[in-house]
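Undergrad: Quick note: the numbering used here has the sequence shown finishing at residue 1178, numbered continuously throughout.
We treat Cβ as the ideally placed atom computed from N, Cα and C, and that holds for glycine.
Provided herewith is a single structure, encoded as structure tokens, for subsequent inquiry.
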Amino acid sequence: MPQVLVQDQDQRKFWFYENLIQDKLVLLSFASVDGEKVFPVIDNLLKVQEMIGDRLGKDVFMYTVTTKPEVDTADSLKAYAEKKGARWQFLSGEPAAVRQILMTFGVMGSAHGVAWVGNEKMGRWLRKPVRLHPIFIAEAVARLSTGAAHKPFLLDMHAA
């Protein structure tokens, strides 16, 4: 897992692994602002955001890493996130650093169709098509959750 410096849409800097991945439950996606016109993924992730609810930013962390760090600035990522109502972090950085992240997760090109759900504390990662019905992505988050939030089966998410 790359330990590279990235920044979010608010220009806050983080070590990718140490600050954003280590010991966390994460949903990681890949997109670019202009790529959203051709291969939109953020709208689907907004539905996942709704399903995660108030867990977002507390015990579940969502990140979208730009596939075009040369083009997507913190300001353009912030404007896009605000326009869409995305409450998660959009990450960019030096192109070489972002390329390390993209290579680690097998991202080739600017349109990438896979989201990763990972619980680094458990050492478990799942891949899901990013445009899969949102409930199945949320289910992957539930499966890798721990404690009371752990729901191994879709049916459990709807049980009282």
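Do three or more CB pairs link the stretch 1022-1040 to the stretch 1048-1067 at distances below 8 angstroms?
TA: no
Undergrad: Buried or exposed: Asp-1041, going by 16 or more other Cβ atoms within 10 Å of its Cβ?
TA: What you label residue 1041 is simply residue 23 of the sequence shown in a count that begins at 1. Classification for Asp-1041: exposed.
Undergrad: Between the stretch 1149-1162 and the stretch 1123-1139, are three or more C-beta pairs nearer than 8 angstroms?
TA: At 8 angstroms Cβ cutoff, the stretches touch.
Undergrad: Locate the alpha helix (DSSP H) running through Arg-1161, then write down its first and last residues.
TA: By 1-based counting over the sequence shown, the position of residue 1161 is 143. Segment 1152-1161, the alpha helix (DSSP H) holding Arg-1161.
Undergrad: By alpha-carbon positions, which one of Phe-1048, Ile-1039, Val-1125 ends up nearest to Gly-1075?
TA: Locating residue 1075 in the sequence shown gives position 57, counting from the first residue. Sorting Phe-1048, Ile-1039, Val-1125 by C-alpha distance to the C-alpha of Gly-1075 places Ile-1039 at the top.
Undergrad: Which partner residues of Phe-1108 appear in the DSSP bridge assignment?
TA: Reading the sequence shown from its first residue, position 90 is the one you call residue 1108. In the DSSP output, where bridge partners are listed per residue, Phe-1108 has Thr-1082.
Undergrad: When DSSP labels each residue in this structure, what does Pro-1113 get in the three-state scheme?
TA: The residue you call residue 1113 lines up with position 95 of the sequence shown. Helix at Pro-1113.
Undergrad: Go ahead and label Asp-1093 buried or exposed: buried means 16 or more other beta carbons lie within 10 angstroms of its beta carbon, across all protein chains shown.
TA: Reading the sequence shown from its first residue, position 75 is the one you call residue 1093. It counts as exposed.
Undergrad: Assuming the contact rule is C-beta atoms closer than 8 angstroms, Leu-1080 and Trp-1106 should be a hit. Round their C-beta distance to whole Å, please.
TA: Translated into positions along the sequence shown, residue 1080 becomes position 62. Translated into positions along the sequence shown, residue 1106 becomes position 88. Position check: residue 1080 holds Met in this sequence, whereas Leu was assumed. That belief holds up - the Cβ atoms of Met-1080 and Trp-1106 are roughly 3 angstroms apart, short of 8 angstroms.
Undergrad: Using DSSP with H/G/I as helix, E/B as strand and the rest coil, what is Ala-1178?
TA: As a first step, residue 1178 must be located in the sequence shown, where it is residue number 160. Any answer about Ala-1178 is weak, because its pLDDT of 45 lies below 50 and its placement is not dependable; what the coordinates show is given next. In the structure shown, Ala-1178 sits in coil (DSSP, three-state: anything other than H, G, I, E or B).
Undergrad: Under DSSP, the alpha helix (DSSP H) around Ser-1094 begins and ends at which residues?
TA: The residue given as residue 1094 occupies position 76 in the sequence shown. That run of the alpha helix (DSSP H) goes 1092-1102.
Undergrad: Roughly how many angstroms separate the alpha carbons of Met-1121 and Leu-1109, rounded to a whole number?
TA: As a working mapping, residue 1121 is identified with position 103 in the sequence shown. As a working mapping, residue 1109 is identified with position 91 in the sequence shown. Rounded to the nearest angstrom, the two C-alpha atoms are 15 angstroms apart.
Undergrad: So, for Glu-1138: in the same chain, excluding its five sequence neighbours on each side, which residues have a beta-carbon less than 7 angstroms away from its beta-carbon?
TA: Residue 1138 sits at position 120 when you count from the first residue of the sequence shown. Ile-1039, Gln-1040, Asp-1041, Lys-1042, listed in sequence order.
Undergrad: Residue range of the beta strand (DSSP E) that Leu-1045 falls in?
TA: Taking the first residue of the sequence shown as 1, we reach residue 1045 at position 27. That run of the beta strand (DSSP E) goes 1043-1049.
Undergrad: So which of Pro-1113, Asp-1028, Gly-1103, Ile-1119 has the shortest CA-CA distance to Ile-1019?
TA: Locating residue 1019 in the sequence shown gives position 1, where the first residue counts as 1. According to the sequence shown, residue 1019 is Met rather than Ile. Closest by C-alpha distance to Met-1019, out of Pro-1113, Asp-1028, Gly-1103, Ile-1119, is Ile-1119.
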